[in-house]
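So the protein lines, in turn, are chains A and B.
Heads up: the first sequence begins at 473 in this note's numbering, then just goes up one per residue.
Heads up: the second sequence begins at 473 in this note's numbering, then just goes up one per residue.
The C-beta atom is built at its ideal place from N, Cα and C for all residues, glycine as well.
A short write-up of the structure that comes next.
Number of protein chains: 2
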Amino acid sequence: MNNKKIKLTDLAKLAGVSTSTVSRALNDNPLIKQETRDKLQRLAKEHNFSLNTAASRLRTQKTNVVAVIINLDEQTEQSISDPFLLKVVSEINLALNQQGLELLLSNSIMAQDDWANYFINSRRADGIIVVGQGKNQTNIENAANAGIPLVVWGDPKTPSNYAIVGSDNYLGGLQATTHLIEHGAKNIVFLGDPEHGEISERHRGYSAALASYKLKQYVVSIDITSSSAYQSINQLLREKGLYFDAIVACSDMVALGAMKALKERYVSIPNDVALVGFDDIAMADISHPSLSTIRQNTQYAATLLVQKLMQQLAGEKVESQVIDIELITRQSSKR
Amino acid sequence: MNNKKIKLTDLAKLAGVSTSTVSRALNDNPLIKQETRDKLQRLAKEHNFSLNTAASRLRTQKTNVVAVIINLDEQTEQSISDPFLLKVVSEINLALNQQGLELLLSNSIMAQDDWANYFINSRRADGIIVVGQGKNQTNIENAANAGIPLVVWGDPKTPSNYAIVGSDNYLGGLQATTHLIEHGAKNIVFLGDPEHGEISERHRGYSAALASYKLKQYVVSIDITSSSAYQSINQLLREKGLYFDAIVACSDMVALGAMKALKERYVSIPNDVALVGFDDIAMADISHPSLSTIRQNTQYAATLLVQKLMQQLAGEKVESQVIDIELITRQSSKR
DNA sequence: ATAAATATTGCAAACGTTTGCATTTATCTC
DNA sequence: GAGATAAATGCAAACGTTTGCAATATTTAT
């Protein structure tokens, strides 16, 4: 094993050419004759050489790194328990790698609120993808105003000075609710946190659907975790009885928590209470009864996020973009 | 907004001192008078200055970055659908941040098998944490032999030339199985892939438990996903009927897939078939009936992984370490 | 064959830190 | 109060790339 790390200069010496030539050859610069390029690339591989990214980043002022920060509200445990956010991250990772970019992950850093500075000024990353709008968008807004290159996964209809990619949450809420109404539901509970970025739009969709059928709203505001959903449905049944015949949950995890509470009290799903979730996580299909839900196209979203960030870095102006959702009907809403 | 990025030299000029002093002051070097340090740190904050990490990494030959690679077998879809692996990553992220380290995430890179070279030689990261042993450990072994600083989340009892941190999978399999036997199970199926790193140990524990009670093994080998579990249990019931009265699943996702198949065919859990999973993901508690399982202490594991990697980077010799597991009994195994 | 145009390579100066060593300034000792 | 020791700061050389420009080699046109 080579004890000493080999560098560009060494490689140049070995090949009997200048370092500039090697550098260009390895970067496939057409200035260099194809033949020479091939030779040098082979030599590099042979000697197990790879460029020192620190040096190259210093020189080029580019990192090819994108920071991804999971923007969770401190008060909720959503992040760790919710598979959906992590799925989004996973898709972003794939999309980035496909572009030869790397992913610097962060979830706790959001608290110390100079994250933009931390990542960009220090040249740790070229740009930032924020996953989740959270309850409070001001620090994102500030960062965007300060010229930080960033894109956000969230609700694209939110007015903003930065590009947001995300599902049509309003339509999702609308479709979920309409679907339940069309299957005979009259008293439909919205289970979630209407204050929260994306979710408030889902709630608006819910309201709109109810309004057009002249039905009454029942909003149950909870922390968006499955255990919180479980508890609140339990409490509801205990204290007020079964006054509803359907639930629109703001996420699948929430829906599954509610489902557990219902099943424990022998409330039949979907006959007594029909249920629609949001996200289409793996468990939606595995649960029993399987969970109807609004599927979000995370893969496409990830591609878009990366693409828009790159465009922004290239100096282009980018806009928010709405992604189609799809109602997946499973057992939990079929009567 | 400052148009030009401010650098160390500028700060020095502003303060009327040399760059060395500023550099040392910002790194809290005791060579510099406390008073000067405070003053310069304040100045830096005021001007929103942060060190250019590219330059500093180049100079110090250290990145303070750890690469985390999710080591999934290509043939399975485990990674994206399984919340457990992502939970581990999330915990590692926390542990790293606590040490002031950053996390470079990778999941697809494992395929192109010079990952060690890619991360370390190129100085993208100081060390590597591999999450999951996968079926084939040779490329990890090679990397370790080549002196790449790395630690692995997997089964610590696997003989290796690198440090592995992970649960006592053998004991987990043993406890899960014994628990079922003590609750009256006679014909216990092991559902999983006994070829797979960590899981083979769980299977060994299962075998040992059965042996000591002189019971017969029923191994159902599947891909470790919930859908695969669902299908195979379905097929089993269809073709062979209910010849078993308990299942030890190699993971919670697999257990939940099996549970769905059982429920669909009105097999009562736990009365007809008792069930124990592995991991204790959030869904284990939310499912109905709730799922008994072997809890893995991921948080402690993450801390250890980081700690051991740091020790290794400091030149110390580090050993594999077994982490205690805990049997969580819930409804799925109570009769 | 020669001049002009083009293709290929090399020189050397950055990029922004850190750090060994030299230097200055402050503190102590007798 | 002078000399010696200790504390605080500054000088300048790295770290390993990339790239504008200059220089050389090759091809083309006449």
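Per-residue DSSP class, three states only, for residue i
i	result
Q793 of chain A	strand
F662 of chain A	strand
Q768 of chain B	strand
V726 of chain B	helix
S704 of chain B	helix
L522 of chain A	Reading off the sequence, residue 522 of chain A comes out as Ser, not Leu. Three-state result, S522 of chain A: coil.
N474 of chain B	Its pLDDT being 45, under 50, N474 of chain B is placed unreliably by the model, and the measurement read from it follows with that caveat. Coil, per DSSP.
S693 of chain A	strand
G645 of chain B	helix
E798 of chain A	strand
G677 of chain B	helix
A754 of chain A	helix
A721 of chain B	strand
L616 of chain A	First, the residue type needs correcting, since residue 616 of chain A is Ala and not Leu in the sequence shown. Note: A616 of chain A maps to helix in three-state DSSP.
R807 of chain A	coil
D482 of chain B	helix
A539 of chain A	strand
G669 of chain B	helix
A487 of chain A	helix
A635 of chain B	strand
E507 of chain A	helix
Residue closest to residue i, alpha-carbon to alpha-carbon, out of the options
i	options	result
V748 of chain A	A:N611, A:Q768, A:G787 and A:D724	A:D724
S792 of chain A	A:N633, A:E563, A:R767 and A:Q703	A:N633
A424 of chain A	A:E613, A:V537 and A:Q707	Only positions 473 to 807 of chain A appear in the structure, and residue 424 of chain A is not among them; the question remains open.
V560 of chain A	A:T770, A:Q779, A:A615 and A:K505	A:T770
V603 of chain B	B:K806, B:N569, B:A681 and B:L558	B:L558
H519 of chain A	A:E711, A:L480 and A:I620	A:L480
I705 of chain B	B:A727, B:S804 and B:A756	B:A727
D695 of chain A	A:N501, A:P666 and A:R595	A:P666
F591 of chain A	A:A615, A:G572, A:Q605 and A:Q609	A:A615
K686 of chain B	B:R674, B:S698, B:T649 and B:L714	B:T649
C722 of chain A	A:R531, A:I542 and A:S700	A:S700
D752 of chain B	B:L709, B:T801, B:D744 and B:A786	B:T801
F750 of chain B	B:E563, B:N617, B:S762 and B:K485	B:S762
I653 of chain A	A:N499, A:I758 and A:S805	A:S805
A786 of chain A	A:G599, A:L709, A:T610 and A:A733	A:G599
R807 of chain A	A:Q784, A:N743, A:Q779 and A:D757	A:N743
L709 of chain B	B:A730, B:S698 and B:S684	B:A730
V692 of chain B	B:D640, B:G664, B:G572 and B:L515	B:G664
Q784 of chain A	A:R509, A:N611 and A:I636	A:I636
Chain A residues whose Cβ lies nearer than 9 Å to that of residue i
i	result
K732 of chain B	D757, I758, S759, H760 and S762
R676 of chain B	The premise fails here: R676 of chain B is roughly 28 Å from chain A at the closest Cβ pair, so nothing lies under 9 Å.
S639 of chain B	Within chain A, no residue comes near S639 of chain B; the closest Cβ sits about 18 Å away, beyond 9 Å.
K590 of chain B	Lys is not the amino acid found at residue 590 of chain B; the sequence shown has Tyr there. Going along chain A in sequence order, the residues near Y590 of chain B (Cβ under 9 Å) are S522.
L785 of chain B	Per Cβ cutoff of 9 Å: no residues; L785 of chain B is ~16 Å from chain A at best.
Within chain A, partners of residue i - CB distance below 7 Å
i	result
K735 of chain B	H760
T525 of chain B	S594, R595 and R596
G729 of chain B	I758
N633 of chain B	Ordered by position in chain A, no residue passes the 7 Å Cβ test against N633 of chain B, which lies about 14 Å from the chain.
P742 of chain B	Those within 7 Å of P742 of chain B in chain A number zero; the least Cβ separation is about 15 Å.
L747 of chain B	Simply none; closest approach about 13 Å.
N565 of chain B	L577 and N579
Neighbour list for residue i in chain A, Cβ cutoff strictly below 8 Å
i	result
L575 of chain B	L576, L577 and S578
L643 of chain B	Here the premise fails: no neighbours, minimum Cβ distance about 26 Å.
Contacts that residue i makes with chain B (C-beta to C-beta distance below 9 Å)
i	result
N769 of chain A	Near N769 of chain A there are no residues of chain B at all, since even the closest Cβ is about 14 Å away, more than 9 Å.
N614 of chain A	What N614 of chain A touches in chain B: nothing, since even the nearest Cβ is about 11 Å away.
Residues that residue i contacts on chain B, provided the C-beta gap is smaller than 8 Å
i	result
P621 of chain A	None at all; the shortest Cβ gap to chain B is about 14 Å.
L777 of chain A	Those do not exist, as L777 of chain A stays about 15 Å from chain B at its closest Cβ, beyond 8 Å.
Contact set between residue i and chain B, taken where Cβ atoms lie within less than 7 Å
i	result
N608 of chain A	The premise fails here: N608 of chain A is roughly 21 Å from chain B at the closest Cβ pair, so nothing lies under 7 Å.
L663 of chain A	Within chain B, no residue comes near L663 of chain A; the closest Cβ sits about 14 Å away, beyond 7 Å.
L781 of chain A	Under the 7 Å cutoff, chain B gives no residues; its nearest Cβ is about 16 Å from L781 of chain A.
- Task: Determine which residues of the stretch 693–725 of chain B have a Cβ less than 8 Å from any Cβ of chain A, and write them out in chain order.
- Result: Listed by position along the chain: S698, S699, Y702 and M725.
- Item | the stretch 659–666 of chain A in contact with the stretch 716–733 of chain A per 3-pair CB rule at 8 Å | Segments in contact, yes.
- Given a limit of 8 Å on CB to CB distance, which residues of the stretch 504–528 of chain A reach chain B? Answer set for the stretch 504–528 of chain A: N520, F521, S522, L523, N524, T525, A526 and A527.
- Contact between the stretch 514–532 of chain A and the stretch 668–684 of chain A: three or more CB pairs below 8 Å? no
- Item | Residues in the stretch 477–499 of chain B having any Cβ partner in chain A nearer than 8 Å | K477
- Could you tell me whether the stretch 675–686 of chain A touches the stretch 482–496 of chain B, using the rule of 3 or more Cβ pairs below 8 Å? Not touching, per the Cβ criterion.
- For the 8 Å Cβ check, are there 3 or more pairs between the stretch 766–781 of chain B and the stretch 627–644 of chain B? yes
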